[in-house]
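Read top to bottom, the protein sequences are chains A and B.
Count along the first sequence from 1, add 766, and you get the number used in the numbering used here.
Count along the second sequence from 1, add 766, and you get the number used in the numbering used here.
For glycine and all other residues, C-beta sits at the position ideal for the given N, C-alpha and C.
Treat the numbers as computed from the prediction; the structure is a model and nothing was measured.
Everything below concerns the one structure shown next.
Number of protein chains: 2
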Amino acid sequence: MATSEKRQEILHAALELIAEHGFHGAPIASIADRAGVGAGTIYRYFENKDVLITELFRELHDKIQMALLEGYKTDRSLREQFLHVSTALLRYLIANPLDFRFLEQYLNSPYGVAFRRGRLLGTGDDNDLFRMLLEDGVARQIVKDLPLVVLCALTIGPLLAVSRDHILGFIDLDNALIMQTVQACWDGIKR
Amino acid sequence: MATSEKRQEILHAALELIAEHGFHGAPIASIADRAGVGAGTIYRYFENKDVLITELFRELHDKIQMALLEGYKTDRSLREQFLHVSTALLRYLIANPLDFRFLEQYLNSPYGVAFRRGRLLGTGDDNDLFRMLLEDGVARQIVKDLPLVVLCALTIGPLLAVSRDHILGFIDLDNALIMQTVQACWDGIKR
DNA sequence: ATTTTAGGAGTGAATGTTCACTCCTAAAAT
DNA sequence: ATTTTAGGAGTGAACATTCACTCCTAAAAT
Numbered sequence: 767m768a769t770s771e772k773r774q775e776i777l778h779a780a781l782e783l784i785a786e787h788g789f790h791g792a793p794i795a796s797i798a799d800r801a802g803v804g805a806g807t808i809y810r811y812f813e814n815k816d817v818l819i820t821e822l823f824r825e826l827h828d829k830i831q832m833a834l835l836e837g838y839k840t841d842r843s844l845r846e847q848f849l850h851v852s853t854a855l856l857r858y859l860i861a862n863p864l865d866f867r868f869l870e871q872y873l874n875s876p877y878g879v880a881f882r883r884g885r886l887l888g889t890g891d892d893n894d895l896f897r898m899l900l901e902d903g904v905a906r907q908i909v910k911d912l913p914l915v916v917l918c919a920l921t922i923g924p925l926l927a928v929s930r931d932h933i934l935g936f937i938d939l940d941n942a943l944i945m946q947t948v949q950a951c952w953d954g955i956k957r
Numbered sequence: 767m768a769t770s771e772k773r774q775e776i777l778h779a780a781l782e783l784i785a786e787h788g789f790h791g792a793p794i795a796s797i798a799d800r801a802g803v804g805a806g807t808i809y810r811y812f813e814n815k816d817v818l819i820t821e822l823f824r825e826l827h828d829k830i831q832m833a834l835l836e837g838y839k840t841d842r843s844l845r846e847q848f849l850h851v852s853t854a855l856l857r858y859l860i861a862n863p864l865d866f867r868f869l870e871q872y873l874n875s876p877y878g879v880a881f882r883r884g885r886l887l888g889t890g891d892d893n894d895l896f897r898m899l900l901e902d903g904v905a906r907q908i909v910k911d912l913p914l915v916v917l918c919a920l921t922i923g924p925l926l927a928v929s930r931d932h933i934l935g936f937i938d939l940d941n942a943l944i945m946q947t948v949q950a951c952w953d954g955i956k957r
């Protein structure tokens, strides 16, 4: 097995275990087992467990940003762009339930708070499509003049919540329901 | 110290520690210390840690339902009732940050999933004001005809998210912002 | 071409720590 | 005197991390 493969195996094993059983259910020993490596090997690739998990999140975040850009047209109306990105996010999350579950675990932990804090204090030029869209909408007076974090709460919040409900089997998020949900989010933030 | 006081001390100590440091930061020994009792004493009042935490949530849930009923008028329009309840929820959460932080920890853990599952499969006659309001709105065609869980996602989701942002210091949820946020939630679900 | 050597990736048993929970003693209540 | 309650040291299990060791590969020496 090549070196980079081994690294990926470890990341993937950690993702699966955390997604399936939460942080509690993902001891290093289990991650090593599932990745097919020795426990000590993990520490050749990652300084410690925290670094492993943070790195996992970073890669996932990038991957999702890429997915949101798929089919994104810069010449559409803001509303259409919002609907596109939101729909893409929902589709990604329900197509990749393991990614979603991990993301949720992460964001609802001390890791996530640190991430959010860094994000908000950042310069704003990071690659967060959602955030840019909302800021643009406020500037052009298409979206309600509310703080960015409130707009995020009104959009990303529900999107994550319905994804969870779908993955847990509480609802069946088919195409029609996805569109209705995304539209409802837009109704909430539009002027 | 009377028996019931001791029980309350234990519950309160657990609430504080979990709110401040998460489940990880609330070992039995610390809970006992903060409550001013011996570790063994806790097991005289609660079968195990799970029962203690579940009980804590149950009491908190009841307390919040009571707070939502404060000043609730049955003769107002659905919209006004929704705004009232949502505003009351926001006010309660930002006035009781420890309660909020605990609630969040709980709902985003395996406990919370179990709770939500029980809730959705239940008969619907439990004392959940929010849920009743939304169901009523759908029946009277005032609210979008979406599954109940989606409507919950569109309302409770953002409310919890902005509360968190306020408590973490990312925004200042003053009266004006509370009203705007609640109104935005309504805009999202109204027909 | 064959053997020797070096280096570093990989390992998992051992370590020290933390945890939920138990159990026995002592104090308080009856 | 007897029963009930409280306490906290003790217990074993689970955990992240370490470290002394084992390969394996590929370069160097012959």
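Problem set entry | 8 Å CB neighbourhood of A:LEU899 in its chain, flanking five on each side removed | Result list for A:LEU899: LEU844, GLN847, PHE848 and VAL851, in chain order.
Exercise. Taking 8 Å as the CB-CB cut-off, is A:GLY903 touching chain B?
Worked result: no
Exercise. Taking the alpha-carbon positions, what's the B:MET945 to A:TRP952 distance?
Worked result: 18 Å
Exercise. Who are the neighbours of B:ALA950 on chain A, taking C-beta pairs under 8 Å?
Worked result: LYS910, LEU912, VAL916, LEU920, GLY954 and ILE955
For this session: Would you tell me roughly how many angstroms separate the C-alpha atoms of B:LEU781 and A:GLN907, rounded to the nearest one?
Result: 43 Å
Exercise. If you compare alpha carbons, which of B:LEU835, B:PHE896, B:ARG957 and B:ILE933 is closest to B:ASP911?
Worked result: B:ARG957
Exercise. Under 9 Å Cβ-Cβ, which residues of chain A neighbour B:GLY806?
Worked result: Within 9 Å Cβ-Cβ: nothing; B:GLY806 doesn't reach chain A, min ~25 Å.
Problem set entry | Any chain A beta carbon closer than 8 Å to B:GLY890 | Summary for B:GLY890: the model assigns pLDDT 48, below 50, so the residue's position carries little reliability; its value from the coordinates is reported in the next sentence. No, no contact with chain A.
Exercise. Which value, in whole angstroms, describes the spacing of the CA atoms of B:LYS772 and A:HIS932?
Worked result: Each residue's Cα considered, the two are about 42 Å apart.
For this session: To the nearest angstrom, report how far apart B:ASP891 and B:ARG810 are at their CA atoms.
Result: Unreliable positioning characterises B:ASP891 in this predicted model, as indicated by a pLDDT of 49, which lies under 50. A coordinate reading is not provided.
Exercise. So what's B:LYS910 in DSSP terms, helix, strand or just coil?
Worked result: DSSP places B:LYS910 in coil when its eight states are reduced to three.
Exercise. Is any beta-carbon of chain B found at less than 8 Å from that of A:THR840?
Worked result: no
For this session: Tell me A:LYS956's beta-bridge partners as DSSP assigns them.
Result: A:VAL909
For this session: Identify the contact partners of B:VAL981 in chain A, using a Cβ-Cβ distance below 9 Å as the criterion.
Result: Here chain B covers residues 767 to 957 and nothing more, so residue 981 of chain B does not appear.
Exercise. Which residues in chain B sit within 7 Å of A:ALA780, going by Cβ to Cβ distance?
Worked result: Under the 7 Å cutoff, chain B gives no residues; its nearest Cβ is about 18 Å from A:ALA780.
Exercise. Just to confirm, are A:TYR858 and A:ILE830 a CB contact at a threshold of 8 Å?
Worked result: yes
Exercise. Which residue comes first and which comes last in the alpha helix (DSSP H) that contains B:TYR872?
Worked result: Looking at the DSSP string, the run of the alpha helix (DSSP H) that includes B:TYR872 is 863-873.
For this session: Assess, as a yes-or-no matter, whether the region 793-806 of chain A is touched by the region 824-841 of chain A under the definition of 3 or more beta carbon pairs within less than 8 Å.
Result: no
Problem set entry | Per-residue contacts from B:THR947 into chain A (C-beta, under 9 Å) | LEU912, VAL916, ALA919 and LEU920
For this session: Measure the Cβ-Cβ separation of B:LEU835 and B:LEU925 and say whether it is below 8 Å.
Result: no
For this session: Note down the Cα distance separating B:ALA919 from A:ALA927, rounded to an integer number of angstroms.
Result: Straight-line measurement puts the Cα of A:ALA927 at about 5 Å from the Cα of B:ALA919.
Problem set entry | 8 Å contact criterion, which B:VAL915 and A:ILE860 should meet: CB distance rounded | Not confirmed; about 14 Å, so no contact.
Problem set entry | Inter-residue CB distance, A:GLU825 and A:PHE812 (contact presumed, cutoff 8 Å) | Not confirmed; about 12 Å, so no contact.
Problem set entry | B:PHE868 versus B:GLY788 - alpha carbon distance | Going from the Cα of B:PHE868 to the Cα of B:GLY788 covers about 8 Å.
For this session: Select from B:GLY954, B:HIS778, B:GLN774 and B:THR947 the residue whose C-alpha is nearest the C-alpha of B:ASN862.
Result: B:HIS778
For this session: Kindly indicate the opening and closing residues of the alpha helix (DSSP H) around A:LYS829.
Result: For A:LYS829, the uninterrupted alpha helix (DSSP H) segment begins and ends at 815-835.
Exercise. How many Å lie between B:TYR877 and A:VAL803 at the Cα?
Worked result: Cα to Cα, the separation comes out at about 32 Å.
Exercise. Residues of chain A with a CB under 7 Å from the CB of B:GLY788: which are they?
Worked result: PRO876
Exercise. Shorter than 8 Å from the beta carbon of A:PRO924 to some beta carbon of chain B?
Worked result: yes
Exercise. B:ALA785 CB to nearest chain A CB: under 8 Å?
Worked result: no
For this session: Would you tell me roughly how many angstroms separate the C-alpha atoms of B:ASP865 and B:PHE823, rounded to the nearest one?
Result: 9 Å
Exercise. Along chain A, which residues have their Cβ under 7 Å away from the Cβ of B:ALA942?
Worked result: Going along chain A, no residue has its Cβ under 7 Å from B:ALA942, so there is no contact; the nearest lies around 10 Å.
Exercise. What residue from A:ARG897, A:ASN874 and A:GLN949 has the CA that sits closest to A:THR853's CA?
Worked result: A:GLN949
For this session: Use the C-beta contact count for A:VAL909: other C-beta atoms within 10 angstroms, 16 or more gives buried, fewer gives exposed.
Result: buried
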